[in-house]
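S.K.: So the sequence shown is numbered by the working numbering: it starts at 132 and just counts up by one. Structure in structure tokens, see below.
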Amino acid sequence: MNDVLVLDNISHAFGQQPIFDNLSMSVSKNDVVSIVGASGVGKTTLFNIAAGLLVPSSGKVFINGKETTGEAGTVGYMLQKDLLLPFKSVYDNIALPLTLKGYSKAKIADIINPQLASFGLEGLEHQYPQMLSGGQRQRAALLRTYLSDNPIMLLDEPFSALDFVTKDEMYHWFSKLQKRLELTCLIITHDIDEAIYLSDQLYVLKGSPAEFTQTFSIPKCEGFLDSQDYLNLKKQIFAAIQS
Ligand SMILES: Nc1ncnc2c1ncn2[C@@H]1O[C@H](COP(=O)(O)OP(=O)(O)OP(=O)(O)O)[C@@H](O)[C@H]1O
Ligand SMILES: [Mg+2]
């Protein structure tokens with residue numbers, strides 16, 4: 132079995148408001164899976180359940196075959212508004228998960244320093260977050276999430292706060308990084324181009340209670356992104372979200 136994350140028959144309600152009714156999905160090792168869906172449908176709630184921060188009314192979460200329902204610290208999680216702490220340097224922000232694990236300063240430096248260049252942060256580590264561009268801040272938050280060293284990264288709208296050009300650069304950069312570091316990722320996004328570019332699978336979350344109404348496998352063949360098939364797929368995904 133190659134599934135890193137399995138959500139098995141998840142149901143949840145906030146008071147009288149049902150959010151999910153028997154929702155299931157899985158993410159395979161080294162895959163990127165995107166979830167798209169309207170605002171308020173329950174995407175972040177599903178991430179909180181997968182991350183063990185919220186216990187679902189029923190259903191189970193498995194990471195690498197082990198049940199982790201309600202158990203925090205099992206995934207790398209980049210929150211929707213992942214603000215770096217303004218009073219800590221970029222380096223100290225990145226070091227946070229390692230500091231919490233009780234690692235020595237020398238060990239933390241050995242882990243962080245070799246990664247700074249890949250994440251485009253070399254020379255910026257002693258700055259404070261407000262001195263960085265939006266893209267640089269996102270890369271610092273991604274490095275911090277990566278260093279939590281868990282089998283899967285959950286990224287809640289990782290590039291949505293960025294302008295169009297920076298966003299485009301970021302997801303191209305991230306796609307290369309994901310392949311090189313063999314990351315397994317579950318990503319929430321509202322950007323269909325981004326979702327197609329990054330993902331192997333795309334799930335459409337819809338309705339109340341929400342369900343995965345459609346899933347798409349994204350072709351990875353050469354030239355796909357310049358083809359008519361790409362435009363057709365994009366239209367199908369739009370239609371699936373809106374219908
Ligand atoms: N802790 C909570 N208590 C009560 N209701 C909540 C709680 N968290 C979320 N909700 C409600 O659950 C629904 C789903 O919220 P959620 O944040 O998961 O949506 P989302 O799909 O991530 O939306 P967006 O795209 O705007 O981020 C919303 O109606 C929200 O108001
Ligand atoms: Mg959300």
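Note that CB positions come from ideal geometry on N, CA and C, so glycine has one too.
(1) Hey, residue 209 and residue 272: beta-carbon distance below 8 angstroms or not?
(2) Pairs of beta-carbons, one from the stretch 241–250 and one from the stretch 193–212, closer than 8 angstroms: are there three or more?
(3) When burial is assigned at 16 or more other CB atoms within 10 Å of the CB, is residue 320 buried or exposed?
(4) DSSP three-state label for residue 190, please.
(5) Quick check on residue 197: does DSSP put it in helix, strand or coil?
(6) Taking 8 angstroms as the limit between beta carbons, can you name the residues of its chain near residue 257, skipping five residues before and five after?
(7) Would you say the beta carbon of residue 337 is closer than 7 angstroms to some non-hydrogen atom of ligand 2?
(8) If you pair each beta-carbon of the stretch 286–299 with each one of the stretch 230–240, do three or more pairs fall below 8 angstroms?
(9) Under 8 angstroms by Cβ, that's how I've got residue 328 and residue 308 pegged, so tell me the actual separation to the nearest angstrom.
(10) If you draw a straight line from the C-alpha of residue 302 to the C-alpha of residue 325, how long is it?
(11) Please report the straight-line C-alpha distance between residue 334 and residue 349, rounded to a whole angstrom.
(12) Since residue 346 sits in a beta bridge, which residues does DSSP pair it with?
(13) Flag residue 355 as yes when its Cβ comes closer than 7 angstroms to any non-hydrogen atom of ligand 1, and as no otherwise.
(14) Along the chain, where does the beta strand (DSSP E) that runs through residue 257 open and close?
(15) With three or more beta-carbon pairs closer than 8 angstroms as the criterion, would you say the stretch 197–204 touches the stretch 169–184?
(16) Taking 7 angstroms as the cut-off, is the C-beta of residue 211 nearer than that to any heavy atom in ligand 1?
(17) Output the boundary residues of the beta strand (DSSP E) element that contains residue 148.
(18) Taking residue 166 as the reference, give the member of 262, 144, 358 and 285 with the closest Cα.
(19) Please look up how many angstroms separate the CB atoms of residue 316 and residue 163, rounded, as I've assumed it's under 8 angstroms.
(20) My parser needs the alpha helix (DSSP H) runs of 4 or more residues fully inside the stretch 237–315; what are they?
(21) Sorry if obvious, but does the Cβ on residue 384 come closer than 7 angstroms to a heavy atom of ligand 2?
(22) Quick check on residue 305: buried or exposed, where buried means 16 or more other Cβ atoms within 10 Å of its Cβ?
(23) Would you kindly work out how many angstroms separate the C-alpha atoms of residue 187 and residue 143, rounded to a whole number?
(24) To which residues of the same chain is residue 298 closer than 6 angstroms at the C-beta, ignoring the five residues directly before and after it?
(25) Considering residue 221, what are the terminal residues of the beta strand (DSSP E) in which it resides?
M.R.: Working from what's here:
(1) Against the sequence shown, residue 209 aligns to sequence position 78. Against the sequence shown, residue 272 aligns to sequence position 141. Closer than 8 angstroms, so yes.
(2) No: fewer than three Cβ pairs fall under 8 angstroms.
(3) The residue you call residue 320 lines up with position 189 of the sequence shown. Burial is judged here by how many other beta carbons sit within 10 angstroms of a residue's own beta carbon; residue 320 has at least 16 and is buried.
(4) Taking the first residue of the sequence shown as 1, we reach residue 190 at position 59. Strand at residue 190.
(5) In the sequence shown, counting from the first residue as 1, residue 197 sits at position 66. In the structure shown, residue 197 falls within a strand segment according to DSSP collapsed to helix, strand and coil.
(6) Within the sequence shown, the letter at position 126 stands for residue 257. Around residue 257: 220, 221 and 222.
(7) Position 206 of the sequence shown holds residue 337. No - ligand 2 has no heavy atom lying nearer than 7 angstroms to the Cβ of residue 337.
(8) Taking 8 angstroms as the limit for Cβ pairs, the verdict is that the stretch 230–240 does not touch the stretch 286–299.
(9) Your numbering for residue 328 matches position 197 in the sequence shown. Your numbering for residue 308 matches position 177 in the sequence shown. No, residue 328 and residue 308 are not in contact; Cβ-Cβ is about 13 angstroms, not under 8 angstroms.
(10) Start at 1 with the first residue of the sequence shown, and residue 302 comes out as number 171. Start at 1 with the first residue of the sequence shown, and residue 325 comes out as number 194. About 7 angstroms.
(11) Working through the sequence shown from its first residue, we reach residue 334 at position 203. Working through the sequence shown from its first residue, we reach residue 349 at position 218. In a straight line, the C-alpha of residue 334 is about 11 angstroms away from that of residue 349.
(12) Locating residue 346 in the sequence shown gives position 215, where the first residue counts as 1. Looking at the DSSP output, residue 346 bridges to 334.
(13) Along the sequence shown, read from residue 1 onward, the residue named residue 355 stands at position 224. No, since every heavy atom of ligand 1 falls outside the 7 angstroms radius drawn around the Cβ of residue 355.
(14) Along the sequence shown, read from residue 1 onward, the residue named residue 257 stands at position 126. Per DSSP, residue 257 belongs to no beta strand (DSSP E) and is neither H nor E.
(15) Per the Cβ contact rule, the stretch 197–204 is in contact with the stretch 169–184 (3 or more Cβ pairs under 8 angstroms).
(16) In the sequence shown, the residue the question calls residue 211 occupies position 80. Ligand 1 approaches residue 211 closely enough that one of its heavy atoms is under 7 angstroms from the residue's Cβ.
(17) Numbered from its first residue, the sequence shown carries residue 148 at position 17. Its beta strand (DSSP E) spans residues 148–159.
(18) Sequence index remark: in the sequence shown, residue 166 carries index 35 (1-based). Residue 285 is the option with its Cα nearest to residue 166.
(19) Numbered from 1 along the sequence shown, position 185 holds the residue referred to as residue 316. Numbered from 1 along the sequence shown, position 32 holds the residue referred to as residue 163. About 5 angstroms; that satisfies the 8 angstroms criterion.
(20) Secondary structure remark: continuous alpha helix (DSSP H) runs of at least 4 residues inside the stretch 237–315, in chain order: 265–278 and 295–312.
(21) In this structure the chain extends from 132 to 374, so residue 384 is not present and cannot be described.
(22) Indexing the sequence shown from 1 puts residue 305 at position 174. Buried.
(23) Numbered from its first residue, the sequence shown carries residue 187 at position 56. Numbered from its first residue, the sequence shown carries residue 143 at position 12. So the two alpha carbons sit approximately 5 angstroms from each other.
(24) Reading the sequence shown from its first residue, position 167 is the one you call residue 298. Cβ neighbours of residue 298 beyond the five flanking positions: 290.
(25) By 1-based counting over the sequence shown, the position of residue 221 is 90. Per DSSP, residue 221 lies in no beta strand (DSSP E); the unbroken alpha helix (DSSP H) holding it starts and ends at 221–231.
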